[in-house]
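Beneath this line is the structure, given in structure tokens, with notes to follow.
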Amino acid sequence: FRRLGLRGMKQRLLVVANRLPVSANRRGEDQWSLEISAGGLVSALLGVKDVDAKWIGWAGVNVPDEVGQRALTRALAEKRCIPVFLDEEIVHQYYNGYCNNILWPLFHYLGLPQEDRLATTRNFESQFNAYKRANQMFADVVYQHYKEGDVIWCHDYHLMFLPKCLKDHDINMKVGWFLHTPFPSSEIYRTLPSRSELLRSVLCADLVGFHTYDYARHFVSACTRILGLEGTPEGVEDQGRLTRVAAFPIGIDSERFKRALELPAVKRHITELTQRFDGRKVMLGVDRLDMIKGIPQKILAFEKFLEENHEWNDKVVLLQIAVPTRTDVPEYQKLTSQVHEIVGRINGRFGTLTAVPIHHLDRSLDFHALCALYAVTDVALVTSLRDGMNLVSYEYVACQGSKKGVLILSEFAGAAQSLGAGAILVNPWNITEVADSIKHALTMSSDEREKRHRHNYAHVTTHTAQDWAETFVCELNETVAEAQLRTRQ
Ligand code: G6P
Numbered sequence: 123f124r125r126l127g128l129r130g131m132k133q134r135l136l137v138v139a140n141r142l143p144v145s146a147n148r149r150g151e152d153q154w155s156l157e158i159s160a161g162g163l164v165s166a167l168l169g170v171k172d173v174d175a176k177w178i179g180w181a182g183v184n185v186p187d188e189v190g191q192r193a194l195t196r197a198l199a200e201k202r203c204i205p206v207f208l209d210e211e212i213v214h215q216y217y218n219g220y221c222n223n224i225l226w227p228l229f230h231y232l233g234l235p236q237e238d239r240l241a242t243t244r245n246f247e248s249q250f251n252a253y254k255r256a257n258q259m260f261a262d263v264v265y266q267h268y269k270e271g272d273v274i275w276c277h278d279y280h281l282m283f284l285p286k287c288l289k290d291h292d293i294n295m296k297v298g299w300f301l302h303t304p305f306p307s308s309e310i311y312r313t314l315p316s317r318s319e320l321l322r323s324v325l326c327a328d329l330v331g332f333h334t335y336d337y338a339r340h341f342v343s344a345c346t347r348i349l350g351l352e353g354t355p356e357g358v359e360d361q362g363r364l365t366r367v368a369a370f371p372i373g374i375d376s377e378r379f380k381r382a383l384e385l386p387a388v389k390r391h392i393t394e395l396t397q398r399f400d401g402r403k404v405m406l407g408v409d410r411l412d413m414i415k416g417i418p419q420k421i422l423a424f425e426k427f428l429e430e431n432h433e434w435n436d437k438v439v440l441l442q443i444a445v446p447t448r449t450d451v452p453e454y455q456k457l458t459s460q461v462h463e464i465v466g467r468i469n470g471r472f473g474t475l476t477a478v479p480i481h482h483l484d485r486s487l488d489f490h491a492l493c494a495l496y497a498v499t500d501v502a503l504v505t506s507l508r509d510g511m512n513l514v515s516y517e518y519v520a521c522q523g524s525k526k527g528v529l530i531l532s533e534f535a536g537a538a539q540s541l542g543a544g545a546i547l548v549n550p551w552n553i554t555e556v557a558d559s560i561k562h563a564l565t566m567s568s569d570e571r572e573k574r575h576r577h578n579y580a581h582v583t584t585h586t587a588q589d590w591a592e593t594f595v596c597e598l599n600e601t602v603a604e605a606q607l608r609t610r611q
């Protein structure tokens with residue numbers, strides 16, 4: 123039953139996530155262009171095929187007028203997407219405020235905002251109310267499109283209040299909730315003023331999923347310590363009702379990367395890049411420009427490496443792609459200036475008239491350019507301070523079939539649990555350790571590279587996004603069926 127999978131399944135799946143897999147740009151009164159959005163959640167779900175799924179979410183744009191809303195709804199329908207329209211005030215309070223200034227840093231162990239505690243406390247109430255209002259708006263769109271028997275799969279920290287809204291509307295809806303970030307230790311989580319209300323809402327779901335066993339365990343501990351409920355090997359029990367809690371590690375569609383590498387345009391791009399960096403080793407970083415990604419720490423480690431290994435000056439280059447994100451949140455604006463300042467200083471210090479050690483780009487690359495970069499680089503540096511999973515590490519491995527480059531990976535990324543045996547694991551806060559790992563990676567024997575790569579490649583190609591989604595949805599169906607059986611007995 124479990125392995126029957128989603129393929130060919132009649133059942134419909136409503137995927138609900140804050141962000142749609144496409145962002146919309148207005149080109150005229152009723153004209154829209156659509157572009158793929160950035161982020162791990164989008165990359166993973168794009169890898170899920172052959173499913174009768176519709177995606178409900180925000181298109182990342184304010185559309186105050188009805189003409190625009192109707193036109194965008196039509197354009198998105200072609201991509202099987204359904205928009206939730208959020209006005210500027212809600213976006214400010216819910217998305218910039220509660221989601222990205224409170225939950226996101228807290229879930230990544232950066233704590234609650236500290237600069238102006240009083241202001242944060244005062245804003246907290248109104249931001250939490252906006253969060254609940256926004257979640258209700260997502261729920262309203264789900265109700266409009268829901269048919270009996272549909273599976274509703276809610277995603278991420280933006281929508282922790284949604285399971286409650288849905289079950290209050292119809293207790294028979296099949297609801298799953300999945301978190302793409304870490305769920306922190308209950309000692310961190312319990313500082314959140316709305317801790318109990320959010321936990322109780324998530325527990326309304328039938329199945330709650332995380333990337334790793336540790337995150338699932340932290341969640342169960344939070345429920346037992348904060349709500350006084352009972353944790354069981356299956357999940358959390360409240361007055362005889364079980365919410366199943368489990369780990370479902372996400373993957374990528376590795377075939378999509380392999381296919382891209384066969385395209386003539388990508389091959390040409392690979393040749394050009396190889397010629398451009400001839401005689402130098404190339405290291406790669408691809409991150410959203412987010413404080414959890416540890417970009418300043420990574421660059422400082424590279425500086426230390428250059429300082430201590432003069433023979434490598436001019437022989438190695440770091441390409442850092444930093445995709446702008448959440449640019450209205452002040453913390454992210456500060457980070458951009460900080461990174462620019464460090465890159466400028468290091469390039470000034472170690473650059474020559476003909477070459478600089480760091481190429482830093484503040485933008486995303488299209489899929490084919492990214493695949494070419496993944497394929498030609500010798501080392502990938504994924505040094506997140508915390509990361510739910512981190513799919514860049516998977517994408518890099520998928521594209522390294524011939525080169526067998528080395529992955530330096532933070533032990534605080536969920537991916538460390540699956541790619542740990544093949545990667546060089548580092549504590550990203552320890553700049554000396556990362557600098558030493560850079561040297562190890564650049565001088566590693568081909569035998570060791572081959573061995574490490576083989577391990578990771580086997581994992582990435584056999585644990586796909588498709589498997590992840592199938593397992594979650596099948597488990598959800600099974601959990602609901604078992605609960606119905608228990609009620610009848
Ligand atoms: C992470 C989150 C996703 C989010 C993505 C991009 O991967 O888990 O839910 O969509 O970042 O962030 P953004 O704020 O631009 O949607």
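Under UniProt numbering, the first residue of the sequence shown is numbered 123, with each subsequent residue one higher.
C-beta atoms are modelled at their ideal positions from N, C-alpha and C, and glycine is treated no differently.
No experiment lies behind these values; they were computed from the predicted model shown.
In this structure, how does DSSP classify residue i when only helix, strand and coil are distinguished?
| i | result |
| --- | --- |
| F300 | strand |
| K426 | helix |
| Q153 | strand |
| L457 | helix |
| R366 | strand |
| P503 | A small fix is needed here, since residue 503 is Leu in this sequence, not Pro. Three-state result, L503: strand. |
| W177 | strand |
| Q236 | coil |
| F123 | For F123, the predicted structure reports a pLDDT of 27, less than 50, and the residue's modelled location is therefore unreliable. The matter cannot be settled from this model. |
| P205 | strand |
| D400 | coil |
| H482 | strand |
| L198 | helix |
| M405 | strand |
| T586 | strand |
| V183 | coil |
| F260 | helix |
| G466 | helix |
| E604 | helix |
| A591 | helix |
| Q249 | helix |
| F332 | strand |
| T354 | strand |
| R141 | strand |
| E359 | strand |
Should residue i be labelled buried (16 or more other beta-carbon atoms within 10 Å of its own) or exposed?
| i | result |
| --- | --- |
| R571 | buried |
| W275 | buried |
| A580 | exposed |
| A423 | buried |
| R508 | buried |
| K415 | buried |
| N599 | buried |
| K269 | exposed |
| W551 | exposed |
| L607 | exposed |
| G350 | exposed |
| N578 | buried |
| A543 | exposed |
| residue 641 | The first residue shown for the chain is 123 and the last is 611, placing residue 641 beyond what the model contains. |
| R196 | exposed |
| I293 | exposed |
| R381 | exposed |
| D569 | exposed |
| V185 | buried |
| A139 | buried |
Taking only heavy atoms of the ligand G6P into account, decide whether any of them is closer than 7 Å to the Cβ of residue i.
| i | result |
| --- | --- |
| T303 | yes |
| N140 | yes |
| R508 | no |
| T447 | yes |
| R410 | yes |
| D484 | no |
| D360 | no |
| D209 | no |
| I278 | Residue identity differs from the one stated: residue 278 is Asp in this sequence, not Ile. Yes, the Cβ of D278 comes within 7 Å of a heavy atom of the ligand G6P. |
Should residue i be listed as close to the ligand FMN, given that the test is whether its C-beta is under 7 Å from any heavy atom?
| i | result |
| --- | --- |
| L136 | Of the ligands one can find in the structure shown, namely the ligand G6P, none is the ligand FMN. |
Sequence ranges, beta strand (DSSP E) only - wholly within the stretch 516-572, length at least 3: 528-532 and 546-548
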